[in-house]
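Quick notes on the structure that follows.
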Amino acid sequence: MKIEGVIFKEGEIPKRLFKVVSGTVRETRNKTYHDLKAGDYVALLEYFTGLPLEEDIIAIDESEIADVSWEEEYTDIIKKTVELRKIIYQTSIDVENIVLEDFEFENVDLDEYLDQVEALLTLSAGELPDDKNEAIKMIQQLEDDKLITKVNLVRRFLEKFPQETVGARLLIETAAKVYIILNDKFLAKALLKKVLLYFPRELEYCYEALKALEGIYKDEGNILWRRFNKTSKVIEVMIRGNN
Amino acid sequence: METIDFSPGDIIIKNGEKGDYVYIIKSGNVKSKVGSYECTLSEREPDIFGLEALIDEVYTETCTAVNQVKVIKCSVNEFLEIYAKTDLGKKALESFIKRTAKALGWI
Numbered sequence: 020m021k022i023e024g025v026i027f028k029e030g031e032i033p034k035r036l037f038k039v040v041s042g043t044v045r046e047t048r049n050k051t052y053h054d055l056k057a058g059d060y061v062a063l064l065e066y067f068t069g070l071p072l073e074e075d076i077i078a079i080d081e082s083e084i085a086d087v088s089w090e091e092e093y094t095d096i097i098k099k100t101v102e103l104r105k106i107i108y109q110t111s112i113d114v115e116n117i118v119l120e121d122f123e124f125e126n127v128d129l130d131e132y133l134d135q136v137e138a139l140l141t142l143s144a145g146e147l148p149d150d151k152n153e154a155i156k157m158i159q160q161l162e163d164d165k166l167i168t169k170v171n172l173v174r175r176f177l178e179k180f181p182q183e184t185v186g187a188r189l190l191i192e193t194a195a196k197v198y199i200i201l202n203d204k205f206l207a208k209a210l211l212k213k214v215l216l217y218f219p220r221e222l223e224y225c226y227e228a229l230k231a232l233e234g235i236y237k238d239e240g241n242i243l244w245r246r247f248n249k250t251s252k253v254i255e256v257m258i259r260g261n262n
Numbered sequence: 155m156e157t158i159d160f161s162p163g164d165i166i167i168k169n170g171e172k173g174d175y176v177y178i179i180k181s182g183n184v185k186s187k188v189g190s191y192e193c194t195l196s197e198r199e200p201d202i203f204g205l206e207a208l209i210d211e212v213y214t215e216t217c218t219a220v221n222q223v224k225v226i227k228c229s230v231n232e233f234l235e236i237y238a239k240t241d242l243g244k245k246a247l248e249s250f251i252k253r254t255a256k257a258l259g260w261i
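Those protein sequences? They're chains A and B, same order as listed.
For the first sequence, the positions run 20 to 262 when our numbering is used.
For the second sequence, the positions run 155 to 261 when our numbering is used.
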């Protein structure tokens, strides 16, 4: 059946099991989104446990869902649950046994992306002054309607002054504007991940970037927010230790 | 299918290890650990663990005997043919999903 909008209402205990055929269905539990795609089951937890739904479950774009029986779907339900469990392990960090992998994030191909954007828009960010303070001034004076140019200048600033920690501040501030004004999650995430890659010893900035990443991933219903949440907690402990 | 005994502290299944059996608790208590979430499974429900074997996946939790434990050890075919589509099979799914939701912090 094709549907857009509410599938199950808050407080309802689902009596039917639906499987997503196409589109996106959003579940919210504990104030966190979880977006379901083709092959996922709607309200699986509440259907089996009889717990009432915390919030409405909605198809956020035109979706198709199919009424299925748990008996027929037995092993597929286990597969989907095991996928969720794997996410638990991928996004968990054992604070007492941190390994380098815990700090590895998705690859950042920001430079390639910006090259493409520049080529498309034939943007020219111009040359940055050799004087650091002049360069910062130039970046900060750019209006919000030239955000992509600003992003390019921040990128050039990092290339030109890699040791300057003000670069981390510029990345975080620019990421926030990109997210709020352009609503470009990909670019905002890439800028924030650059903070972690370029300034791993600047714990306060890393913490700020991780919290912002957590928020963006939560907003898009991506369960990887857990990873950034856990890592930020580790960094918070390290910052407290340093103080 | 056979009934086997475990002593306190014995690890019955281990997260990350491949196994070919599903276990139904007949008596005693078993501690289950999924991620950082821990709970106790018992014969009261009755509780079942090791469902990952049904899809040829590694186990995703570690289950340890808390006291003297008796379990029914079922092969994949035995469980699918005898239990999967019964109330017991449904209970197994319910418990498996609930432990997952708890570990995810959903409930």
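Built from N, CA and C at the ideal position, the CB exists for glycine as well.
Exercise for the section: Say whether chain B places a C-beta atom closer than 7 Å to the C-beta of A:L36. Expected result: no
Exercise for the section: Closer than 6 Å by C-beta to A:D54: which residues in its own chain qualify, once you throw out the five before and the five after it? Chain order, please. Expected result: T43, R45, G240
Practice task
Consult DSSP for B:L195 and reduce its assignment to one of helix, strand or coil.
Solution key: strand
Problem - Element boundaries [alpha helix (DSSP H), containing A:L239] - result: For the record, residue 239 of chain A in the displayed sequence is Glu; it is not Leu. Neither: A:E239 is in no alpha helix (DSSP H) and is coded neither H nor E.
Practice task
Measure from the alpha carbon of B:G243 to the alpha carbon of each residue in A:P148, A:W89, A:R104, then state which is nearest.
Solution key: A:W89
Handout entry: For A:Y60 and A:I96, the rounded distance between their alpha carbons
Key = 8 Å
Exercise for the section: Within 10 angstroms of the Cβ of A:S82, are there 16 or more other Cβ atoms? Answer buried if so, exposed if not. Expected result: buried
Practice task
Give the interface partners of A:N171 over in chain B, defined as CB-CB distance under 9 Å, in chain order.
Solution key: Near A:N171 there are no residues of chain B at all, since even the closest Cβ is about 39 Å away, more than 9 Å.
Handout entry: Length of the line joining the Cα atoms of B:P162 and B:V212
Key = 24 Å
Exercise for the section: Compute every distance between the C-beta of A:I97 and the non-hydrogen atoms of the ligand COA, then say whether any falls below 6 Å. Expected result: Among the ligands in the structure shown, none appear at all, so the ligand COA cannot be discussed.
Handout entry: Cross-chain neighbours of A:V256 in chain B, by beta carbon under 9 Å
Key = Those within 9 Å of A:V256 in chain B number zero; the least Cβ separation is about 16 Å.
Exercise for the section: Whole angstroms is fine: what's the gap from B:S196's alpha carbon to A:V256's? Expected result: 37 Å
Problem - Interface flag, B:A207 vs chain A, CB-CB below 7 Å - result: no
Practice task
May I ask which residues mark the beginning and end of the alpha helix (DSSP H) holding B:S249?
Solution key: 241 to 258
Problem - Cβ of B:E248 within 7 Å of any chain A Cβ - result: yes
Problem - Whole-angstrom distance between A:L70 and B:V176, CA atom to CA atom - result: 26 Å
Exercise for the section: In the DSSP assignment, find the alpha helix (DSSP H) that holds A:A195 and state where it starts and stops. Expected result: 185 to 196
Exercise for the section: Could you tell me whether any Cβ in chain B is nearer than 7 Å to the Cβ of A:K249? Expected result: no
Practice task
Compute the Euclidean distance between the alpha carbons of B:E248 and B:D159, then round it to the nearest angstrom.
Solution key: 25 Å
Exercise for the section: Would you verify that the beta carbon of B:I251 is, or is not, closer than 7 Å to some beta carbon of chain A? Expected result: yes
Practice task
Leaving out five residues on either side along the sequence, give the residues of the same chain with a beta carbon under 6 Å from the beta carbon of B:C217.
Solution key: I166, I167, V184, S186, F203
Problem - A:T184 to A:F205 span [Cα, whole Å] - result: 23 Å
Practice task
In the DSSP assignment, find the beta strand (DSSP E) that holds B:V225 and state where it starts and stops.
Solution key: 223 to 229
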